[in-house]
Every structure is written in C-alpha cells, then in structure tokens.
Amino acid sequence: MSFLDAWKPPARPAWVEHLNSMADAVGGPARLVSLDSDELIESATDSTGYTDFGPDTWRRHYDILVGSINGQASLHAAGRLLTRSEIVRCLRNRLFVEAYLEAHPEALETPVREPVMICGYGRSGTSITQELFGCDPSMRAPLATDLFNVSPLAEGESRSERVRFADGEQRYYDDVVPEYTAMHENGAELPVECLMFQMHEFLSANFFGTLDVPDYLMHAMTTDWRSAYRYQYRMLQVMQHQRPGQRWVLKGPTHQDRLEVLFEVFPDAKVVQLHRDPRKMIPSSFSLLGTLRWMRSDRVDLSALAFVPVTMKTTLERVITQRENADIPGDQIYDLLYADLVNDPAAAVRRAYAHHGLDFGAGQGGRIVAYLKAKPKGKHGSHRYTLEEFGLDSDQLGEMFRDYQTHYGVPEESDP
1111 MSFLDAWKPP
1121 ARPAWVEHLN
1131 SMADAVGGPA
1141 RLVSLDSDEL
1151 IESATDSTGY
1161 TDFGPDTWRR
1171 HYDILVGSIN
1181 GQASLHAAGR
1191 LLTRSEIVRC
1201 LRNRLFVEAY
1211 LEAHPEALET
1221 PVREPVMICG
1231 YGRSGTSITQ
1241 ELFGCDPSMR
1251 APLATDLFNV
1261 SPLAEGESRS
1271 ERVRFADGEQ
1281 RYYDDVVPEY
1291 TAMHENGAEL
1301 PVECLMFQMH
1311 EFLSANFFGT
1321 LDVPDYLMHA
1331 MTTDWRSAYR
1341 YQYRMLQVMQ
1351 HQRPGQRWVL
1361 KGPTHQDRLE
1371 VLFEVFPDAK
1381 VVQLHRDPRK
1391 MIPSSFSLLG
1401 TLRWMRSDRV
1411 DLSALAFVPV
1421 TMKTTLERVI
1431 TQRENADIPG
1441 DQIYDLLYAD
1451 LVNDPAAAVR
1461 RAYAHHGLDF
1471 GAGQGGRIVA
1481 YLKAKPKGKH
1491 GSHRYTLEEF
1501 GLDSDQLGEM
1511 FRDYQTHYGV
1521 PEESDP
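Counting from 1111, one number per residue, gives the positions in the sequence shown under our numbering.
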C-alpha cells in the first residue's frame, strides 16, 4: 500500500477554493501572489525603511528556498499568500534586529545563559513540556507575538495591536484547514518553536516540513547549520536586551538531529529530550505534515516523506553513540518519557528540574496543575490517525526501533 492509498486530506472551507479559483482565472496563483526573490526583499526594505540584513550567511539559503518554492512546491493561492507572509516577515525581522543592534550594540555582549532546550521528534510531547516549564515565572518561553515583530514598540503602539496581528497569522492555519486545531494549538500568546527563529536564516525545518521543496530539502540535509543556530542566538540576545531577567525555555523537535551544533552555540544549554513510542510519533507526524502541506498545495505526495522513519532511527541511535562517546555533554541532557509526562506531569517536570539543578519552587506544581486543568486534552477535538493509512506496519516499526526503545525504556503504547 502506498502512502496515498488511504490518507485523505482534511476538508477545507469554501473560501479557500474560491480564492484559488480567482487565481486560476487570472492565469495561475503566481500572477495573483508574487514570490519573486528580489521583490520580496524590496517589500521588506520598503515597508521598514531599513536595508541592513546583517550577516550575509542567509542569502544562499534564501535563494535556494525561493527557487525551490517557485519551481517545485505547486502552491495554490492561499498557500502562496501564507508563504509570502512568512518570508516577508522574516526579512523584516532581520532588518529590525540589525536596526536595534545599531542603536544598542551592547546587546551582543549579554550571553544567553543556560537556556532550557526541549527536544524530541514531533508528537512526542515537546509542546506541552515547553508550556509547563513556561508556567514558572522565572522562565520565559518566546511567544508568537514577540517573535513576529522583534522591534521595540513604537510611540503610541500597543502590545494588543501586535497580538492581533500575530494572532491573525496564527489563526490563518485553522481558517484554511479547521481540523488543524485538533492537531496543534496556535495563538499569539502561545510559545513558538526554535525553527521559527531559524526561519530568519532561511535554514529551517519549517520550510521543508510544510512545503514540497526537494532541492531545498537536499540543501538543508547537506549544509552546515551553525549559521541558523547563531542567528537564533543573536535574536535571543536582542529580545532579552529589550526585556531582561528570565531564563529562556526553548523547544525544537529537530534539535536532536544536530545536538553537537546546539551545544557549540549554546554550550551551557540544559536539554530535555522527550521519548515516545515511534509507532505513535510517526503516523501522527505524517498526518500533521500532510495537513500542513495541504494548507498550501493541492498536490500532497506523502510518499516524499518515506525517508522519515529511517532518518529518525539513524538520528536517535547516533545520539546514543554521541552521549556514550562524550561527543556531546550527556550530563546536560535529561531523558523524559512521554508516558511519565502523561501519567504525572508535575512530577515528571520536577524530576527534569532536579536533574538540571533548577529550583522547582513551591508554587510550580500547582501552576502546572492549574494550567492543564484549563487546557484539557481534546479541548479542540481529537486528532485521529492510524499506521495503516500511511502504509506503515507496526511490527516492522517495532523491530526498527527496538534498540532505541530498550535503551531509554520507552514503553509501547496501545491504541486508544
């Protein structure tokens, strides 16, 4: 069975089809929504009045990305609009960062100290773990509102206005595919992933996860990611200079793909690595990625993701070897089982705090309980998926990941 034999894209509302039809009527979506490389840059510079994009390491990644989008991604009008918004936003933010640093060069002298880095493949519990750490008033998770525009508030500008802008883009995902709300909650005042920072270097898993861009994917898999992590560090320095005082709690599902780079750029990072039965993570990830691509294109070929299980296995086993050989600082990594997180969230987070020498204050457990009570599972509906709809075999996956699960004591999960 192929990936497309059983997977059915979720429903999209009529307005999406109407918008796409408008584009078809004028000769195609490219005539309605431009993704011309130079014009995108011009849009960013004209709208901000700035021209300095900072270190030029981004430009090669950008050119390959935009070329791959235009040549391979087959975006419909609604997808081009979303993609254009993301690219222009990232370009504008680079301009804002450099303008801020020109006025406040001392920001680069302040280190990003001992950030908590949550990692683990998609659907392993990384999002909720970041949110639970973020309940601690001594911790700071980057919110969509803060990252979507990193410039200081202008005179007369209110934060509520920025919240409205950020929420509009975040809710656009749900507007295009309403079923997405049950897969991943978005909102202006919710934390964002590290890949959102790395988008500003135009080297980010967000692009090859949401877009069918084979040339860009090959580039991302074979290039040096240091510049992406360094630019994330630079943005964090700017953000903490504007509002200092708290420890960052960050999250990136793909960090474990390059932990050696993470520790090079963030040498004192306190990593929390999530572990879950791959037979749950993989089909859930396929369902999510298929939906994200369906938001942007009528052509979704999930067979292009067939490499994911093998890549996951290779990476997870490489991390074990790296830790055993002390190629990365294993004592700076805490292994958190998804099963433990679900069973007793407050206790699971407390153990992670203890491992990293963090103060789990007297009120933190209560804050976690209250947060989860206000966010019950299934609040936005249930996300249903099966191995079979993606042509996956439970026994084969179990054998493929047996050594990984045995090493970390990852329990098998039964079907709900």
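Here a beta-carbon is modelled for each residue, glycine too, at the ideal position from N, C-alpha and C.
1. M1500 to R1389, Cα distance in whole Å?
2. Can we say the stretch 1178 to 1198 touches the stretch 1331 to 1351, given the rule of at least three CB pairs closer than 8 Å?
3. Tell me which same chain residues have a C-beta within less than 6 Å of the C-beta of A1133, skipping the five on either side of it?
4. Using the DSSP secondary-structure output, state which residues sit across from R1250 in a beta bridge.
5. Is the beta carbon of H1128 less than 8 Å from the beta carbon of G1230?
6. Below 8 Å on the Cβ atoms is my guess for V1176 versus L1201; work out the distance and round it to an integer in Å.
7. Taking DSSP as the reference, what is the three-state secondary structure of H1385?
8. Based on the DSSP output, what are the partners of P1301 in its beta bridges?
9. Counting pairs of beta carbons, one from the stretch 1403 to 1420 and one from the stretch 1250 to 1264, are three or more of them closer than 8 Å?
10. Ordered along the chain, which non-local residues of its own chain (more than five positions away) have a Cβ less than 6 Å from that of E1303?
11. Determine the closest residue to A1426 out of A1457, Y1518 and V1459, with distance taken between C-alpha atoms.
12. Cα separation between Q1240 and L1507?
13. Per DSSP, M1227 forms a beta bridge with which residues?
14. Could you give the distance in angstroms between the alpha-carbon of P1486 and the alpha-carbon of Y1463?
15. With DSSP as the reference, label I1478 as helix, strand or coil.
16. According to DSSP, simplified to helix, strand and coil, what is D1166?
17. Tell me, which residues are paired with S1407 by DSSP?
18. Evaluate contact between the stretch 1316 to 1325 and the stretch 1416 to 1436, counting only Cβ atoms and requiring at least three cross-stretch pairs below 8 Å.
19. Less than 8 Å between the C-beta atoms of D1378 and R1223, yes or no?
20. Taking C-beta to C-beta, are E1289 and P1123 nearer than 8 Å?
21. Candidates V1226, S1237, F1307 and A1416: which alpha carbon is nearest H1465's?
22. Suppose only complete runs of 4+ residues qualify. What are the alpha helix (DSSP H) ranges in the stretch 1251 to 1298, listed by chain order?
23. Considering D1503, what are the terminal residues of the beta strand (DSSP E) in which it resides?
24. Distance, Cα to Cα, T1516 vs V1359?
25. I'd like the list of long-range same chain contacts for L1399, defined as Cβ closer than 7 Å, with 5 residues on each side in sequence excluded.
26. If you draw a straight line from the alpha carbon of G1181 to that of V1198, how long is it in whole angstroms?
27. Below 8 Å on the Cβ atoms is my contact criterion, and I expect P1354 with I1392 to pass it. Report the Cβ-Cβ distance as a whole number of Å.
28. On the DSSP letters alone, give me the boundaries of the beta strand (DSSP E) that L1446 sits inside.
29. Tell me whether the beta-carbon of R1272 lies closer than 8 Å to the beta-carbon of N1259.
30. Pull up the CB-CB distance for D1277 and A1298, whole angstroms please, since I reckon it's below 8 Å.
31. Would the beta-carbon of K1483 be found less than 7 Å away from any heavy atom of the ligand ATP?
32. Given this structure, state the Cα-to-Cα distance separating I1174 from V1429, to the nearest angstrom.
33. Is K1423 helix, strand or coil when you go by DSSP?
With the structure as the only source:
1. Here residue 1500 is Phe; the residue named in the question, Met, does not match the sequence. R1389 has its alpha-carbon roughly 12 Å from the corresponding atom of F1500.
2. The stretch 1178 to 1198 is not in contact with the stretch 1331 to 1351.
3. Closer than 6 Å at the Cβ level, and outside the excluded window around A1133, lie P1139, L1142 and A1187.
4. Answer is W1358.
5. No, the pair does not count as a contact, with Cβ atoms beyond the cut-off.
6. That belief does not hold up - the Cβ atoms of V1176 and L1201 are roughly 11 Å apart, past 8 Å.
7. Strand, per DSSP.
8. Among the bridge pairs identified by DSSP, P1301 is matched with L1253.
9. A contact is defined here as three or more CB-CB pairs under 8 Å, and the stretch 1403 to 1420 fails this definition with respect to the stretch 1250 to 1264.
10. Setting aside the 5 residues that flank it on each side, E1303 is surrounded in the same chain by K1361 and G1362, each with a C-beta closer than 6 Å to its C-beta; the list follows chain order.
11. According to the sequence shown, residue 1426 is Leu rather than Ala. From the listed residues A1457, Y1518 and V1459, the smallest Cα separation to L1426 is found for Y1518.
12. Distance between the alpha carbons of Q1240 and L1507 is about 28 Å.
13. L1360 and V1381, per the DSSP bridge assignment.
14. One C-alpha to the other measures close to 24 Å.
15. Correct three-state label for I1478: helix.
16. If DSSP states are grouped into helix, strand and coil, D1166 belongs with coil.
17. DSSP, once it has assigned bridges, lists L1185 as partnering S1407.
18. They do not touch, by the three-pair rule.
19. Taking 8 Å as the Cβ cut-off, D1378 and R1223 qualify as a contacting pair.
20. Taking 8 Å as the Cβ cut-off, E1289 and P1123 do not qualify as a contacting pair.
21. When each option's Cα is compared against that of H1465, the closest is V1226.
22. The stretch 1251 to 1298 contains these whole alpha helix (DSSP H) runs: 1254 to 1258 and 1269 to 1286.
23. Per DSSP, D1503 lies in no beta strand (DSSP E) segment and is marked neither H nor E.
24. If I take the Cα positions, the gap works out to 29 Å.
25. Excluding sequence neighbours, L1399 sits near G1319 and L1415.
26. Across the structure, G1181 and V1198 are spaced so that their CA atoms are roughly 19 Å apart.
27. Their Cβ separation, rounded to whole angstroms, is 41 Å, which puts P1354 and I1392 out of contact at 8 Å.
28. That run of the beta strand (DSSP E) goes I1443 to L1447.
29. For R1272 and N1259, yes; Cβs fall inside 8 Å.
30. The C-beta distance from D1277 to A1298 rounds to 4 Å, short enough to fall under 8 Å.
31. As for the ligand ATP, it is missing from this structure, which has no ligand bound.
32. Straight through space, the alpha carbons of V1429 and I1174 are spaced by roughly 29 Å.
33. Three-state result, K1423: helix.
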